[in-house]
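In my numbering, the protein residues as written are 3 to 157. C-beta: ideal position from N, C-alpha, C; glycine also. This structure is a prediction, so every number in the text was calculated from the model and none was measured. Inspection log for the structure reproduced underneath, given as structure tokens.
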Amino acid sequence: MTGTYATLLAAVDLNGIYRSDDAGRTWAWSGIGLGTALPQAIAADPANDERFYAISTTQVFSSSDRGRPWAVFGTGQDFRTPFVFDATGNLSFPKLAVLPGSPAILLVGAGPYLQRSADGGTTWSRVYSAGGTETGWSLAVDPADPRRVWAGLFT
3 MTGTYATLLA AVDLNGIYRS DDAGRTWAWS GIGLGTALPQ AIAADPANDE
53 RFYAISTTQV FSSSDRGRPW AVFGTGQDFR TPFVFDATGN LSFPKLAVLP
103 GSPAILLVGA GPYLQRSADG GTTWSRVYSA GGTETGWSLA VDPADPRRVW
153 AGLFT
């Protein structure tokens, strides 16, 4: 990130998204525009300090003002993840990664699928299927070469 903001966002169980503008010292609810959707994952746009993305099980949201408010970018998606526990006993949720660009490229690992959007979250395609239904994902973007993404999964 290029700015000097100390903004942090967190998806908190059934309460939506909370935002801190002081590097985590204080927190406030920041779910305007999410409606009844429960965010499953949040990611910052590495090319735009103001933009964040969030996903629910069926929708994609974007905020161009550091998480206040949110707007729906895409609907009808399938980002459901079965209730699967990873090797450490933690519940697995969908993973969201944002690659820099205009528009941003978004990747979501959810359920057995790795999905990709090349238009900032409006349209999606499945780029990989694990073949099973109980899959947990990890996604990491190479900071030296954002065209390189590591995706790990377990079943």
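Integer Cβ distance of residue i from residue j, believed to fall under 8 Å
i: Pro96; j: Ile57; result: 6 Å
i: Gly122; j: Ala106; result: 5 Å
i: Phe54; j: Ser65; result: 5 Å
i: Phe101; j: Val143; result: Here residue 101 turns out to be Leu, not Phe, going by the sequence shown. Rounded, the Cβ-Cβ distance is 6 Å, consistent with contact.
i: Ile19; j: Gly33; result: 5 Å
Span separating the alpha-carbon of residue i from that of residue j
i: Pro114; j: Glu52; result: 31 Å
i: Met3; j: Ala46; result: In this prediction, Met3 has a pLDDT of 41, which is less than 50 and means its spatial position is unreliable; what the coordinates show is noted afterwards. Using only the alpha carbons, I get a separation of about 9 Å.
i: Pro148; j: Ser104; result: 13 Å
i: Thr124; j: Ala25; result: 31 Å
i: Val14; j: Ala30; result: 11 Å
i: Thr77; j: Gly134; result: 24 Å
i: Val129; j: Gln61; result: 18 Å
i: Arg118; j: Trp126; result: 5 Å
i: Trp139; j: Gly35; result: 27 Å
i: Ala146; j: Phe81; result: 28 Å
i: Asp23; j: Asn50; result: 16 Å
i: Leu155; j: Leu93; result: 14 Å
i: Pro41; j: Thr59; result: 8 Å
i: Ala39; j: Arg150; result: 31 Å
i: Asn17; j: Pro71; result: 16 Å
i: Ala120; j: Ala132; result: 21 Å
i: Pro48; j: Phe63; result: 16 Å
i: Ala89; j: Asp67; result: 36 Å
Per DSSP, cross-strand counterpart(s) of residue i
i: Arg128; result: Gln117
i: Gly138; result: Phe156
i: Ser22; result: Leu10
i: Gly111; result: Lys97 and Leu116
i: Ala30; result: Arg21
8 Å Cβ cutoff met for residue i and residue j
i: Ala43; j: Leu109; result: no
i: Ala153; j: Gly111; result: yes
i: Thr9; j: Arg27; result: no
i: Leu141; j: Gly69; result: no
Pick out the complete alpha helix (DSSP H) segments inside the segment 36 to 104, 4 residues or longer, and give them in chain order.
If only uninterrupted alpha helix (DSSP H) runs of at least 4 residues are considered, none is enclosed by the segment 36 to 104.
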